[in-house]
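So the mapping is simple: the numbering used here equals the position in the sequence shown, first residue as 1, plus 4.
Quick reminder that beta carbons are idealized off the backbone N, C-alpha and C, glycines included.
Values in this document were obtained by computation on a predicted structure and should not be read as measured data.
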Amino acid sequence: PLFPTPASSPLILYPFRCPRSDEPIWPPPVDTAASPGVLEATTLPPAETTRRARFMRGSRMNPDRRTRSIMSVVIVMGLCCFFYILGAWQKSGTGRGDSIALRVTKETDCTILPNLHFETHHSMGGVNPLIMNNKVFKPCHIRYRDYTPCQDQNRAMTFPRENMTYRERHCPAENEKLHCLIPAPKGYVTPFAWPKSREYVPYANAPYKSLTVEKAVQNWIQHQGDVFHFPGGGTMFPNGASSYIDELASVIPLADGTIRTALDTGCGVASWGAYLMDRNILTMSFAPRDSHEAQVQFALERGVPAVIGVLGTMKLPYPSRSFDMAHCSRCLIPWKSNGE
């Protein structure tokens, strides 16, 4: 071949046309006699030579093109390394890249109180738990077993009856406060588990029979041996709280989850709130401490949330919209006493 090619390069064959007799031969033949030592070789036409030169410039064998490719790769890799190092420097503690970062860093640095730190300054090594000065409260006298702080009946009768003021919470002066533990009733036992506690309470836990006599017709509570039985009756639902709740459910959506919390005013022994638990409604019951003995105490022993309270001159300790429903069944509250 006229142009030697490596073994890996494809062999290109060019067609050869024999010239006519009247065509000049280009380039002219070399006189080997006049120029000794020069070998005679067949030369391609100008068009073939140009195409061959272009092929060589565009091939991978061109050293100039290969050099430019290597330089491009080196430049790109250098730029990538530069920007990576620049970003790492800005994210580090020493690199604060712009004015915003400097301002944020300045405002968040703890330079206002340089002595502010959160290390522990104390330990239990020098404290002996055996000689700690604990204040122990002794039990009160047995006559205070029915005492409720800030609910003294004798003190309550000294306040006016207007707006149920005398039924509200009135605490004594500092020198009259008791600093002792109210004793439990004699023979107090652990209450029954739910749901048995809804219907039965040990008599020793609340030994008061007055409700069984005064509310016997209304079917509130019954004394049966050593337990109290709560049949679920009440002043306004003699057929039972469950039947009364069914009547409410006919006009109020109690089963679709719209009502989840309720407030029972003048709860009595809290039978209404106790039976609402079967419908996944949590009820807060409250009633004043009146002539009937410990109504709220019965509610607590049954396992129903309850507090001593009354709607008077003081607001209840609950924020707005805490309850989805408020219930008042013969609660004896003068709603329009103030002309509102």
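- Here residue 231 is near residue 204, since their CB atoms are less than 9 Å apart.
- Less than 9 Å divides the Cβ of residue 238 from the Cβ of residue 222.
- Shown here for residue 195: same chain residues with a beta carbon closer than 6 Å to its own, the five before and five after excluded, namely 201, 305 in chain order.
- In the pairwise beta carbon analysis, the segment 314 to 333 is classified as not touching the segment 152 to 160: fewer than three pairs are separated by under 8 Å.
- Under the DSSP assignment, residue 289 falls in the beta strand (DSSP E) whose first and last residues are 286 to 291.
- In this structure residue 272 is not in contact with residue 287, their Cβ atoms being roughly 13 Å apart against a cut-off of 8 Å.
- Under a 10 Å Cβ-count criterion, residue 308 is classified as buried, with 16 or more other Cβ atoms of the shown protein chains found around its own Cβ.
- Residue range 245 to 253 is occupied by the alpha helix (DSSP H) that includes residue 249.
- DSSP, read as helix, strand or coil, puts residue 87 in helix.
- By the Cβ criterion, the segment 175 to 188 is in contact with the segment 139 to 149, since at least three pairs of Cβ atoms, one from each stretch, lie closer than 8 Å.
- Cβ-Cβ distances below 6 Å link residue 275 to 236, 238, 245 in the same chain, with the five nearest sequence neighbours on each side left out; the list follows chain order.
- Around the beta carbon of residue 249, 16 or more other beta carbons sit within 10 angstroms, so the residue counts as buried.
- According to the DSSP assignment, residue 301 belongs to the alpha helix (DSSP H) that extends over 299 to 306.
- Looking at the backbone, the Cα of residue 69 and that of residue 107 are separated by about 50 Å.
- For residue 279, the uninterrupted alpha helix (DSSP H) segment begins and ends at 275 to 280.
- Of the other Cβ atoms in all chains shown, 16 or more fall within 10 Å of the Cβ of residue 285; this residue is therefore buried.
- For residue 266, the uninterrupted beta strand (DSSP E) segment begins and ends at 265 to 269.
- Straight-line measurement puts the Cα of residue 241 at about 20 Å from the Cα of residue 259.
- In the DSSP assignment, residue 157 falls within the alpha helix (DSSP H) that extends over 157 to 160.
- Exposed is the label assigned to residue 282, since fewer than 16 other Cβ atoms lie within 10 Å of its Cβ.
- Counting of Cβ neighbours within 10 angstroms places residue 318 among the exposed residues, the total staying below 16.
- Of the candidates 267, 175, 181, 209, 209 places its Cα closest to the Cα of residue 190.
- For residue 217, the uninterrupted alpha helix (DSSP H) run begins and ends at 214 to 218, by DSSP.
- Taken through DSSP and simplified to helix, strand or coil, residue 204 comes out as strand.
- A distance below 8 Å between beta-carbons, with the five flanking residues on each side excluded, links residue 247 to the following residues of its chain, in chain order: 241.
- Under the three-state reduction of DSSP, residue 259 is assigned to coil, being neither helix nor strand.
- An exposed status is given to residue 326, since fewer than 16 other beta-carbon atoms sit within 10 Å of its beta-carbon.
- Taken atom to atom, the span from the alpha-carbon of residue 302 to that of residue 149 is near 15 Å.
- In this structure, the straight-line span from the alpha carbon of residue 269 to that of residue 178 is close to 31 Å.
- The three-state reading of DSSP puts residue 92 in helix, counting H, G and I together.
- Membership of residue 310 in the beta strand (DSSP E) is indicated by the continuous run 310 to 312.
- Bounds of the beta strand (DSSP E) holding residue 329 are 329 to 332.
- Around the CB of residue 279, 16 or more other CB atoms lie within 10 Å, so the residue is classed as buried.
- Residue environment analysis places residue 172 among the buried positions, since at least 16 neighbouring C-beta atoms fall within 10 angstroms of its C-beta.
- For residue 226, the uninterrupted beta strand (DSSP E) run begins and ends at 226 to 228, by DSSP.
- Its chain contains 163, 316, 317 as the residues whose beta carbon lies nearer than 7 Å to that of residue 169, once the 5 sequence neighbours on both sides are disregarded; these appear in chain order.
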